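Okay, structure first, notes after.
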Ligand SMILES: Cc1cc2nc3c(=O)[nH]c(=O)nc-3n(C[C@H](O)[C@H](O)[C@H](O)COP(=O)(O)O)c2cc1C
């Protein structure tokens with residue numbers, strides 16, 4: 001099988017220029033470990049859990065990958081900035097889990113003080129530059145800040161198609177990536193694309209556009225290693241293109257408000273969204289949501305999903321997803337190259 005070489009694969013020693021997104025509530029140690037085992041980079045998400053829970057997910061990845069406690073861990077940890085920034089959060093302790101485990105990368109997004117967390121990591125790491133810093137951005141302005149001011153090692157451009165949280169005013173992915181590539185110098189950090197992407201032809205297209213790799217979220221929810229339940233996965237398989245919508249319904253229903261301004265989330269349209277749009281009282285929305293959680297009712301609970309969800313039709317081990325995407329990408333690049341005279 002051909003090698004794919006990009007700035008990302010060279011920076012991190014990967015076989016495939018592919019990353020599984022840190023997904024709060026969905027990306028634990030098992031998913032991260034299996035993605036990394038496949039030759040891509042897997043992230044564990046820190047979103048709403050405790051310090052101990054994050055530690056145990058990292059431990060799980062270490063034991064699945066059979067990496068000695070003192071050795072670097074070839075996965076990343078993604079942190080939701082606004083969660084670190086909440087009063088009385090043990091932010092330094094949480095970030096130190098990444099540093100103590102010598103993970104390959106830290107991903108930061110959706111916060112007002114990302115620069116503060118980047119400084120903490122850079123000041124505390126064992127060897128300067130050991131921990132690569134990924135920053136997810138939703139506009140060209142944010143990309144310029146991440147590049148010029150924060151010296152991010154990797155910039156992740158998130159288009160409007162993305163599952164989970166993102167900017168309600170982000171540009172479509174191809175426009176956003178082109179715009180960002182036009183302002184980041186050729187010898188600058190790798191720019192990755194994310195949002196609505198599903199397969200190896202998507203990876204090949206984005207490489208042809210000039211990106212150094214892609215990040216997939218929703219596709220990896222459909223692996224047995226994700227923390228989504230069987231009924232959530234079934235709902236994703238049944239969903240069609242157009243089933244996912246951007247909304248604040250789930251954040252009101254779950255009481256997870258506090259996101260930076262302009263951020264909402266893309267998930268499958270269900271009764272929670274319908275009730276929210278019809279103006280149901282928020283207390284009633286929350287009560288119905290809690291009942292839905294108890295019954296694990298996909299017509300009520302959140303199932304985050306990107307705009308590419310209609311292209312997904314099966315559950316597949318994460319490692320197999322990585323390998324399949326690698327093979328498809330190589331085949332598509334070869335086909336594209338064969339059209340040159
Ligand atoms: C279930 C779920 C949870 C997510 N949680 C996070 C998160 O904790 N931090 C973050 O930066 N992005 C998060 N995202 C967004 C992803 O980083 C990425 O932008 C998105 O999944 C890309 O779109 P796709 O799902 O269509 O592949 C989440 C996405 C999903 C689907």
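Numbering (full-length UniProt numbering), first residue to last: 1 to 341. Positions of the beta carbon are idealized from the N, C-alpha and C atoms, including for glycine. Given the structure is predicted, the values throughout are model-derived calculations rather than measurements.
Residue burial is scored here from C-beta neighbours: residue 129 has fewer than 16 other C-beta atoms within 10 angstroms and is therefore classed as exposed. Counting only runs that start and end inside the segment 41-125, the beta strand (DSSP E) elements of at least 3 residues fall at 41-46, 73-80, 103-109. The closest CA to that of residue 279, considering only 21, 75, 252, 205, is found on 252. When DSSP reads this structure, residue 326 sits in no beta bridge, so it has no partner.
Taking 7 Å as the cut-off, the C-beta of residue 194 counts as close to a heavy atom of ligand 1. The criterion of a C-beta distance shorter than 8 Å is not satisfied by residue 164 and residue 244.
Residue burial annotation: residue 46 is buried, with at least 16 other C-beta atoms found within 10 angstroms of its C-beta.
Residue 250 is bridged by DSSP to nothing; it lacks a bridge partner.
Placement of the Cβ of residue 248 at a distance of 7 Å or more from every heavy atom of ligand 1 is found. Taking the Cβ atoms as the reference, residue 76 lies roughly 6 Å from residue 103, within the contact range of under 8 Å.
Per DSSP, reduced to three states, the secondary structure at residue 132 is strand.
In terms of CA proximity to residue 319, 226 leads the group 226, 298, 151. Beta bridge pairing from DSSP links residue 150 with no other residue. For the alpha helix (DSSP H) assignment, the uninterrupted runs of no fewer than 4 residues enclosed by the segment 183-249 are, from N- to C-terminal side, 200-209, 218-221, 230-238. In terms of CA proximity to residue 177, 143 leads the group 236, 143, 147. Between ligand 1 and the CB of residue 234, the shortest heavy atom gap is not smaller than 7 Å.
Distance from the CA atom of residue 137 to the CA atom of residue 156, rounded to whole angstroms, is 6 Å.
Per DSSP, residue 297 lies in no alpha helix (DSSP H) and is assigned neither H nor E.
Fully enclosed alpha helix (DSSP H) runs of no fewer than 4 residues occupy 271-277 of the segment 253-283, in order along the chain. Ranking 52, 34, 23, 222 by CA distance to the CA of residue 238 puts 222 first. Straight through space, the alpha carbons of residue 285 and residue 308 are spaced by roughly 28 Å.
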